[in-house]
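Written out below as structure tokens is the structure these notes cover.
2 protein chains.
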Amino acid sequence: MNVTEFDAVKFVDKIQMKNGRIKDVYLVACGGSLIDLYSSFYFVNRESTSMTAEWIPSKEFVLTPPKRLDSHSLVFICSHGGNTKETVEAADTALKAGAFTVTYTHDAASKCADEKYHSIIYTWVDETLQKDKPMCITYSILNELIHRQEPEYELYEGMKDGIIKCDQIIRSAVKKFQNKAWNFAEHYYNAPFLYIMSSGASYAQSYGFAICSLQEMQWIDCGYLNSAEYFHGPFEVTDKDHIYILMASVGKTREIDLRVWKFLEKYAEKYEVIDAADCGMEAIDSRCVDYFNPPLFYEMSVLYRTAIQNKTGHPLDMRRYMGVVEY
Amino acid sequence: MNVTEFDAVKFVDKIQMKNGRIKDVYLVACGGSLIDLYSSFYFVNRESTSMTAEWIPSKEFVLTPPKRLDSHSLVFICSHGGNTKETVEAADTALKAGAFTVTYTHDAASKCADEKYHSIIYTWVDETLQKDKPMCITYSILNELIHRQEPEYELYEGMKDGIIKCDQIIRSAVKKFQNKAWNFAEHYYNAPFLYIMSSGASYAQSYGFAICSLQEMQWIDCGYLNSAEYFHGPFEVTDKDHIYILMASVGKTREIDLRVWKFLEKYAEKYEVIDAADCGMEAIDSRCVDYFNPPLFYEMSVLYRTAIQNKTGHPLDMRRYMGVVEY
Chain G
14 MNVTEFDAVK FVDKIQMKNG RIKDVYLVAC GGSLIDLYSS FYFVNRESTS MTAEWIPSKE
74 FVLTPPKRLD SHSLVFICSH GGNTKETVEA ADTALKAGAF TVTYTHDAAS KCADEKYHSI
134 IYTWVDETLQ KDKPMCITYS ILNELIHRQE PEYELYEGMK DGIIKCDQII RSAVKKFQNK
194 AWNFAEHYYN APFLYIMSSG ASYAQSYGFA ICSLQEMQWI DCGYLNSAEY FHGPFEVTDK
254 DHIYILMASV GKTREIDLRV WKFLEKYAEK YEVIDAADCG MEAIDSRCVD YFNPPLFYEM
314 SVLYRTAIQN KTGHPLDMRR YMGVVEY
Chain D
14 MNVTEFDAVK FVDKIQMKNG RIKDVYLVAC GGSLIDLYSS FYFVNRESTS MTAEWIPSKE
74 FVLTPPKRLD SHSLVFICSH GGNTKETVEA ADTALKAGAF TVTYTHDAAS KCADEKYHSI
134 IYTWVDETLQ KDKPMCITYS ILNELIHRQE PEYELYEGMK DGIIKCDQII RSAVKKFQNK
194 AWNFAEHYYN APFLYIMSSG ASYAQSYGFA ICSLQEMQWI DCGYLNSAEY FHGPFEVTDK
254 DHIYILMASV GKTREIDLRV WKFLEKYAEK YEVIDAADCG MEAIDSRCVD YFNPPLFYEM
314 SVLYRTAIQN KTGHPLDMRR YMGVVEY
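Line order of the protein sequences matches chains G and D. All residue numbers for the first sequence refer to the working numbering, where the first residue is 14 and numbers rise by one. All residue numbers for the second sequence refer to the working numbering, where the first residue is 14 and numbers rise by one.
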């Protein structure tokens, strides 16, 4: 199914007609695609009473599939290129177990687009709206499904509204942060190492900023961390020379980030805060605004990595191993 | 309850008498204590058909508790000292929701030892057997519970056997690896930065090696990674100068680690493999041996950090912030 025709209501009709009541949601992919699915894992486990979710790297899912995996499972599989070997294996593992298997890919000619799956082909250009990218499509499906399975669910309208509104909010915020990102890059493009933190539904955005934007695309060493864990070990390395990026969420886990921020103000010097509170997020229902930090932070990581690329001269698309050598 | 009297059969009797059938298991703590609980999260989600599990930092659990949290939930809380503020808050969150709330602590006078919880006071000295530490106590409880809730469960005897056997296996392996750890420390004690990897049930042992053993106890910068994710971004930084520690598991996810190992052999030079296949693990039932890599790798991280301390002269117990300043 091409995303331009995507309709969450019809899609969930199909899920319910084919598989009935869903109990378990599995979000399965590798690298950047796995990161896209994290906030939906968090969303289900926080907000649903009828379903639980697990977030699993593809090869783990293949080698150690959940014993619960069956026709009451809804499995989201994502591979941008659509041919990542272990992700295709994961899709087949899900299919074989009778799960409703949704595959996201950018390439309509790839293995993930095979008609044996419920494939969703998304576009990925500058003009693509957030609602049409895998993160928000997954929200749309799960929001509709929770609404139907749980009469008491209260976030249905708020989530639908946020999925539409967030695109413009994020585009404006990215423009507003352009100069700040340039300044960060000017000072730290040749840093030997840095740490990136965020909280709650946005945790995986630190992970993605680190492994995709910096390690993969700039060959820059870095670590990622859930802000909730900073004071339980990692803060002992903090001093005036260590570099940190803190992506401070709005919503329920904000106080976790604020506690880190306060500590960095006192004991660090080289830290950058990307604060969602400066991004116009108050237009989104406060009961579910947490889930719209991740698409915001993703676009911010693109902004920052591009600013860094412009200083390093290291092309974002240059690879020495991925797609170049055998592994 | 003091661990010397601990009896999983009686403990699960109490769970079932008070709370009936358990549907959800939550494993909640901070830092090192959270790491101890990861493999039980993995165990439940791979092996159980009647329960799902989630692994959550304490403050996330407090600020965004699962909507499913209720009397059908079994919550494991761990705090070594027993007074970690957000972990005590998490225990109270669980208690208030009617969950069966198990608290682990080393200190019988701490808040986590309060009789309002089902507290388990463990010892933590060199002589303490693995079966009497939180990781294996949690296995014992969950193994007993799955056995009772699921007639078709096949790992009951294998897990019980592994919980007893692993202590001697690990003690022998640690002796065998002593010289190797000294050699690693001799070469790399002053490394500017290194990466640590492991797979499956052992993923959190990389996390713990990094944030507790190196960042907290040695103020050494490092990153951690699930081996399953290495080829999806992080491997682009690999070269002859980057330092890696790979903890290679035995069991179902071993092939994930072997793929990484093969790549490091070809493209890196400074890498250390701690291979569970050299540790006598074949004495444990192969269907559940995966779950005994984590206690092995934990003890290996203690071995390596001690070897590093002996070179750096940086005492493992020295802190500049934790327990020293306000935060």
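No residue lacks a Cβ here, since even glycine has one placed at the ideal position from N, Cα and C.
- Listed by position along chain D, the residues whose Cβ is nearer than 9 Å to that of residue 228(G) are 236, 246, 247, 248, 249 and 250.
- Contiguous alpha helix (DSSP H) elements confined to the stretch 71-111 of chain D occur at 71-76 and 98-109, taking only those with 4 or more residues.
- Between residue 101(G) and residue 124(G), the C-beta spacing is below 7 Å.
- Within the same chain, and ignoring the five residues on either side of residue 227(G) in sequence, the residues whose Cβ sits closer than 6 Å to its Cβ are 233 and 235.
- For residue 37(G) against residue 65(G), the beta-carbon gap comes to about 6 Å, under 8 Å, which counts as contact.
- Taking the CA atoms as reference points, residue 54(G) sits about 17 Å from residue 144(G).
- Beta-bridge annotation (DSSP): residue 239(D) is paired with 211(D).
- Chain-ordered, the chain G residues with CB closer than 7 Å to the CB of residue 232(D) read 249 and 250.
- Excluding the 5 residues flanking it on each side, residue 91(D) has same chain C-beta neighbours closer than 7 Å at 42, 46, 49, 50, 117 and 147, in chain order.
- Residues of the stretch 74-92 of chain G with a Cβ closer than 7 Å to any Cβ of chain D, in chain order: 76, 77, 79, 80 and 81.
- Judged by their CB atoms, residue 115(G) and residue 39(G) are not nearer to each other than the 7 Å cut-off.
- With a threshold of 7 Å between beta carbons, residue 95(D) makes no contact with chain G.
- Following the DSSP letters along the chain, one finds residue 117(G) in no alpha helix (DSSP H) but inside the beta strand (DSSP E) bounded by residues 113-118.
- Only those residues of the stretch 187-210 of chain D whose C-beta falls short of 7 Å from the nearest C-beta of chain G are listed: 205 and 206.
- Considering only 52(G), 85(G) and 135(G), the residue with the shortest C-alpha distance to residue 69(G) is 52(G).
- Around the beta-carbon of residue 175(G), 16 or more other beta-carbon atoms lie within 10 Å, marking it buried.
- Under the Cβ criterion of 7 Å, residue 48(D) is not counted among the residues facing chain G.
- Of 208(D), 247(D) and 222(D), the smallest CA-CA separation from residue 333(G) is found for 247(D).
- Note that the stretch 19-29 of chain G does not touch the stretch 103-111 of chain G; fewer than 3 beta-carbon pairs, one per stretch, sit closer than 8 Å.
- Nearest to residue 85(D) by C-alpha distance, out of 219(G), 95(G), 62(G) and 73(G), is 62(G).
- Annotation for residue 135(G): no alpha helix (DSSP H) segment contains it, and DSSP assigns it neither H nor E.
- Against residue 239(D), the close residues of chain G are 70, in the order they occur along the chain (beta-carbon pairs closer than 7 Å).
- Note that the stretch 281-297 of chain G does not touch the stretch 155-169 of chain G; fewer than 3 beta-carbon pairs, one per stretch, sit closer than 8 Å.
- Within the stretch 48-65 of chain G, the residues whose Cβ lies closer than 7 Å to any Cβ of chain D are, in chain order, 58, 59, 60, 61, 62 and 65.
- Bridge pairing for residue 67(G): 39(G) [DSSP].
- Residues of chain G whose Cβ lies closer than 7 Å to the Cβ of residue 265(D) are, in chain order, 76 and 77.
- Between residue 151(G) and residue 216(D), the alpha-carbon positions lie close to 26 Å from each other.
- Bridge pairing for residue 285(G): 258(G) [DSSP].
- When 8 Å is used as the limit between beta carbons, residue 333(G) is near these residues of chain D: 249, in chain order.
- Residues 208, 209, 210, 219 and 247 of the same chain have their beta carbon placed closer than 8 Å to that of residue 238(G), with the five preceding and five following residues left out of the count.
- Residue 225(D) has a beta carbon lying within less than 7 Å of a beta carbon in chain G.
- For residue 37(G), the chain D residues whose Cβ falls inside 9 Å of its Cβ are 65, in order along the chain.
- Counting every other CB atom within 10 Å of its CB across the protein chains shown gives residue 328(G) a total below 16, marking it as exposed.
- Within chain G, the residues placing a beta-carbon under 7 Å from that of residue 340(D) are 244 and 276, ordered along the chain.
- Under DSSP, residue 131(D) shares a beta bridge with 115(D).
- For residue 44(D), the closest Cβ of chain G is nearer than 7 Å.
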